[in-house]
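The structure appears below as structure tokens.
Numbering (this note's numbering), first residue to last: 71 to 232.
Written as structure tokens, this is what we have:
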């Protein structure tokens, strides 16, 4: 097997391994120092070691502050692990946003959706008819969604309680 065949062919292939590479590097550092996950968790001020298991398996990427705590615990110069973390974050972002195009046979166009009727005017106390304003931002829409979810949750809980 040639040396070239053993290495990833593209930057994308190398980036795909970034999360796992970061976790493996952290596992190696921990094992080289003879630490169990529980001992590492205690040194870093955590009560459980499950987060470290997820990090070492590449399922989680530690925060920048936790990465700094790793560096301090392992006696590494500050910023040593940050390039690995950045690559892992970029890999995760790429995986979440790059969707392969689905090659499908052309199909009949979907029927047009029915027009949405305008919301009826409401009367505001002390004033005339009022139409709800368009959301100013995504945060406004998110806040309205959260209120709606909490309202429905409260109704379900009230019904459950009796």
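Just so you know, even glycine gets a beta-carbon here, dropped at the ideal spot from N, CA and C.
Distance, residue j Cα to residue i Cα
i	j	result
residue 24	residue 93	Look at the range of the chain in this structure, 71 to 232, and you will see that residue 24 is not part of it.
residue 150	residue 215	42 Å
residue 130	residue 89	8 Å
residue 103	residue 87	24 Å
residue 205	residue 218	Because residue 205 sits at a pLDDT of 48, beneath the cut-off of 50, its placement in the model cannot be relied upon, and the point is left open.
residue 114	residue 137	11 Å
residue 143	residue 213	40 Å
residue 158	residue 183	41 Å
residue 168	residue 97	29 Å
Three-state secondary structure (DSSP) of residue i
i	result
residue 130	coil
residue 159	helix
residue 118	coil
residue 205	No answer about residue 205 holds up, because its pLDDT of 48 lies below 50 and its placement is not dependable.
residue 103	coil
residue 93	helix
Chain-order list of residues whose beta-carbon lies under 8 Å from that of residue i (same chain, five-residue window excluded)
i	result
residue 141	147, 148, 149, 150 and 151
residue 111	117, 118, 119, 121 and 122
residue 155	92, 131, 132, 134 and 137
residue 145	none
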